[in-house]
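Read in order, the letters of the sequence shown are residues 213 to 475 in my numbering. Since the structure comes first, as structure tokens, the remarks are kept for the end.
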Amino acid sequence: MTSEEKKIALFELGKKRQVKTIEGYNRIGDYHNGAYESKWVSPYTKSAQNVDTEVFIMLQDWSSHESLSKQMDLDSVNYGHTLSIVTNVNLKHLLKTYLGLELADCFATNLFPFIKNAGMSASIPMKDMILAAKEFGIPQIEIVKPKIVICLGVPTFNALRRASGLKPVRNLEEGIASSFQIGNSDVICQAHTGQLGKNNRNKGGVNRVDGDWAAIKFLPFKSLKLISEENFINITITVIQPMTNLGLESGFRVNLRCFDVSF
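Structure, rendered in structure tokens:
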């Protein structure tokens, strides 16, 4: 598919989402006279619409009735997301720090593109997540054909797994170790970038989130800017052991070439 053909196919999915109704949920266009509406499946894609990217970000759901019923959020109207929300701030930081990418370099969307009648932290039944994965999530992946799909949170990852006929994982640890493929795209699980997801992953004061994202750099991307010769460091270790019986010393030297993930 050419870039234009991909966009046409994605816009068709967007039209499908605009008219579809799911019992118990509202549509994006139901709020503020359709101010949040988008031609994409998710308004989030307004800020991440690179259809030829290698990196696809799959968030869970876009917003809630409680949030959208408040005063109009101009960030969400213009950018498809609130710039100051921790989830978005952390996501952009991780993309820049560990993949060398801006959000605009990626394609990003929400797996569940309907509005729950509750607050932002309310959960969505897995049956509804799986339905959205089949009708909107997987089709978007198949159109964009990225190298990698980064799912934020276990529910999003499990919905794609179950929609693909695979068993769900029990927790984030298992999810990170259970990547799978949709077409030729590798689907991986990462902690949700909201504060709760970050705190849960980093329990005990161990910064696992940064380590998880640093490991993504070892995948064979073409576009990642941080994979270069300057990211490798050479370490030489010399070990000397005294041979007291003979009054001599023996030793050995080890040369190591390591990938530097400290930046």
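Virtual Cβ for every residue (Gly too), placed ideally from N, Cα, C.
Check	Outcome
Reduced DSSP secondary structure (H/G/I, E/B, other) of LEU295	coil
Sequence ranges, alpha helix (DSSP H) only - wholly within the segment 245-330, length at least 4	277-280, 286-291 and 298-306
Closest residue to SER275 among ILE234, THR368 and ILE240 (Cα-Cα distance)	ILE240
Beta-bridge partners of PHE348, as assigned by DSSP	Note: PHE348 sits in no beta bridge, so no partner.
Cα-Cα separation between ASN262 and GLU278, rounded to whole angstroms	30 Å
Spatial distance of ARG382 from VAL366 (CA atoms)	8 Å
Status (buried if at least 16 other CB within 10 Å, exposed otherwise) for ILE220	exposed
Nearest candidate by alpha-carbon position, reference ASP330, set TYR310, ILE355 and ASN238	Looking at the sequence itself, residue 330 is Ala, so the reference to Asp does not match. Of TYR310, ILE355 and ASN238, the residue nearest in Cα terms is ASN238.
Unbroken beta strand (DSSP E) run spanning ASP398, endpoints	397-402
Spatial neighbours of GLY417 in its chain, beta-carbon cut-off 8 Å, leaving aside the 5 residues before and after	none
Selected residue, minimal CA-CA separation from LEU378, among SER391, GLU385 and LEU431	SER391
Range covered by the beta strand (DSSP E) that runs through ALA223	Note that residue 223 is Phe in the sequence shown here, rather than Ala. Here PHE223 belongs to no beta strand (DSSP E); instead the alpha helix (DSSP H) covers 215-231.
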